[in-house]
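Engineer: Dropping the structure in here first, questions after.
Number of protein chains: 2
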Amino acid sequence: MELNKLFKKSELIPAIIQDSTTNQVLMLAYMNHASLEKTLETGETWFWSRSRGELWHKGETSGHIQRVVEMYSDCDDDTLLIKVEQVGVACHTGEYSCFFNEILTK
Amino acid sequence: MELNKLFKKSELIPAIIQDSTTNQVLMLAYMNHASLEKTLETGETWFWSRSRGELWHKGETSGHIQRVVEMYSDCDDDTLLIKVEQVGVACHTGEYSCFFNEILTK
Numbered sequence: 014m015e016l017n018k019l020f021k022k023s024e025l026i027p028a029i030i031q032d033s034t035t036n037q038v039l040m041l042a043y044m045n046h047a048s049l050e051k052t053l054e055t056g057e058t059w060f061w062s063r064s065r066g067e068l069w070h071k072g073e074t075s076g077h078i079q080r081v082v083e084m085y086s087d088c089d090d091d092t093l094l095i096k097v098e099q100v101g102v103a104c105h106t107g108e109y110s111c112f113f114n115e116i117l118t119k
Numbered sequence: 014m015e016l017n018k019l020f021k022k023s024e025l026i027p028a029i030i031q032d033s034t035t036n037q038v039l040m041l042a043y044m045n046h047a048s049l050e051k052t053l054e055t056g057e058t059w060f061w062s063r064s065r066g067e068l069w070h071k072g073e074t075s076g077h078i079q080r081v082v083e084m085y086s087d088c089d090d091d092t093l094l095i096k097v098e099q100v101g102v103a104c105h106t107g108e109y110s111c112f113f114n115e116i117l118t119k
């Protein structure tokens with residue numbers, strides 16, 4: 014697949030990270046072309062940190078890396094869905110998923 | 014929950030839409046404060062269409078509405094995860110999920 018077409022509209026696109034076993038959504042982060050290339054090369058997720066303005070190898074400090082299992086783009090080719098094997102937890106707070114703030118629950 | 018804090022960094026935030034039964038990720042779209050309010054009021058998803066520059070009631074034309082079952086924000090309060098009951102299909106192409114372009118598969 015030609016990766017350039019993913020970055021036609023924007024240099025940064027959202028990547029949804031999903032647990033490949035349970036399908037739980039773990040986090041959302043942003044990728045640029047370089048971080049997507051690093052992800053495909055290494056088989057682990059790399060993002061672009063908007064706050065630090067640099068490439069970010071998820072888990073480099075914490076050890077909580079994400080091994081890529083499957084990857085898809087959407088119908089508009091401007092969003093990624095990445096299914097991963099999560100080592101440890103996804104969230105820096107210690108929660109397994111970053112989506113723990115309840116706005117509306119069953 | 015105070016909704017304003019979700020829009021501190023940006024007027025538009027990504028909303029991940031997930032099937033509440035299967036946990037399949039269906040699509041990603043953007044919400045502003047007004048579309049989030051409409052979503053909470055009506056119990057169906059409303060987004061901000063970046064291409065058309067207007068509020069977008071998902072399924073208004075196609076009938077493929079999304080009934081909200083659960084909603085969460087992430088640890089940074091800048092992304093939403095919304096679990097829905099999807100009527101019909103989520104994607105305008107006729108696919109159930111928008112994420113059908115394979116970049117890497119098992």
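Chains as they are written, first to last, in the working numbering: chain A, 14 to 119; chain B, 14 to 119. Yeah, the Cβ is synthetic: ideal placement off N, Cα and C, and Gly gets one too.
#1: Cβ of glutamate 24(A) less than 8 Å from any chain B Cβ?
#2: Within 8 Å of any Cβ in chain A, is that where the Cβ of lysine 119(B) sits?
#3: At a Cβ threshold of 8 Å, is phenylalanine 60(B) touching chain A?
#4: Mind listing the chain A neighbours of methionine 44(B)? Cutoff is C-beta to C-beta under 8 Å, in chain order.
#5: Helix, strand or coil for phenylalanine 20(B) per DSSP?
#6: Using a cut-off of 9 Å between C-beta atoms, extract the partners of phenylalanine 112(B) located in chain A.
#7: So, does the CB of histidine 77(B) fall closer than 8 Å to a CB anywhere in chain A?
#8: For the alpha helix (DSSP H) that leucine 53(A) lies in, which residues bound it at each end?
Structural biologist: The structure says:
#1: Looking up residue 24(A) in the first sequence gives position 11. Taking Cβ atoms only, chain B never reaches closer than 8 Å to glutamate 24(A), which makes this a no.
#2: Here residue 119(B) refers to the residue found at position 106 when the second sequence is read from its first residue. True, the Cβ-Cβ gap to chain A drops below 8 Å.
#3: Taking the first residue of the second sequence as position 1, residue 60(B) is located at position 47. No, its Cβ sits nowhere closer than 8 Å to a Cβ of chain A.
#4: Residue mapping note: residue 44(B) aligns to position 31 of the second sequence, counting from 1. The premise fails here: methionine 44(B) is roughly 11 Å from chain A at the closest Cβ pair, so nothing lies under 8 Å.
#5: As a position in the second sequence, residue 20(B) is number 7, starting the count at 1. DSSP places phenylalanine 20(B) in helix when its eight states are reduced to three.
#6: Locating residue 112(B) in the second sequence gives position 99, where the first residue counts as 1. By Cβ distance, chain A contributes Ile29, Tyr85, Ser86, Asp87, Cys88, Thr92, Leu93, Leu94.
#7: The sequence position of residue 77(B) within the second sequence is 64, counting from 1. Not closer than 8 Å to any Cβ of chain A, the Cβ of histidine 77(B) fails to qualify, so no.
#8: Translated into positions along the first sequence, residue 53(A) becomes position 40. Here the alpha helix (DSSP H) through leucine 53(A) covers 46–55.
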